[in-house]
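Data first, discussion second: the structure below is written as structure tokens.
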Amino acid sequence: MNKITRKQKMEKEKEINYFGEFTKIKKHFFKDLNKKLSIVKDKRNQSYVTYAPEIILFTVIMKNVSGIVSMNKMTKDFNNNAVIENIASSLGYDSLEEIPHYDKINNFLKSLEISELQKIRDYMIRELLKKDA
Numbered sequence: 013m014n015k016i017t018r019k020q021k022m023e024k025e026k027e028i029n030y031f032g033e034f035t036k037i038k039k040h041f042f043k044d045l046n047k048k049l050s051i052v053k054d055k056r057n058q059s060y061v062t063y064a065p066e067i068i069l070f071t072v073i074m075k076n077v078s079g080i081v082s083m084n085k086m087t088k089d090f091n092n093n094a095v096i097e098n099i100a101s102s103l104g105y106d107s108l109e110e111i112p113h114y115d116k117i118n119n120f121l122k123s124l125e126i127s128e129l130q131k132i133r134d135y136m137i138r139e140l141l142k143k144d145a
């Protein structure tokens, strides 16, 4: 039996395109995810809003899918043209200037009703169960 060393495992994980893999999953299982993210009730003062809820929430989803554990690291790693273009394209935007800074994301999440996140979670679970049936 060929046992994989920790170093080999880490090298193999570097080759995984987490964004591409999530995009495939999203298209197959969660066709309405963008719509669900966009209808989240936003309690922020709308005159100060720079990023729509779907941009913030999708960025956080991608952070988690990518295995990034800190918001600060997410801001550093995601603020490059390739990631910004991928997020924009996944959400149906022509372009984005940059992704939200982690402070903006944290402020948005603090003001977000938990029930809004529960609706998204419930939608995702229902969609997964439909595919299994």
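Heads up: the sequence shown begins at 13 in my numbering, then just goes up one per residue. Beta carbons are placed, not taken as given, at the ideal position from N, Cα and C, and that holds for glycine.
{"Query": "DSSP state of Ile16 mapped onto helix, strand, coil", "Result": "coil"}
{"Query": "Proximity to Ile67 [Cα-Cα], best of Ser127, Leu45, Val81 and Glu139", "Result": "Leu45"}
{"Query": "Length of the line joining the Cα atoms of Lys131 and Pro65", "Result": "14 Å"}
{"Query": "Residue range of the alpha helix (DSSP H) that includes Leu49", "Result": "Leu45 to Ser50"}
{"Query": "Local conformation of Ser101 per DSSP, three classes", "Result": "helix"}
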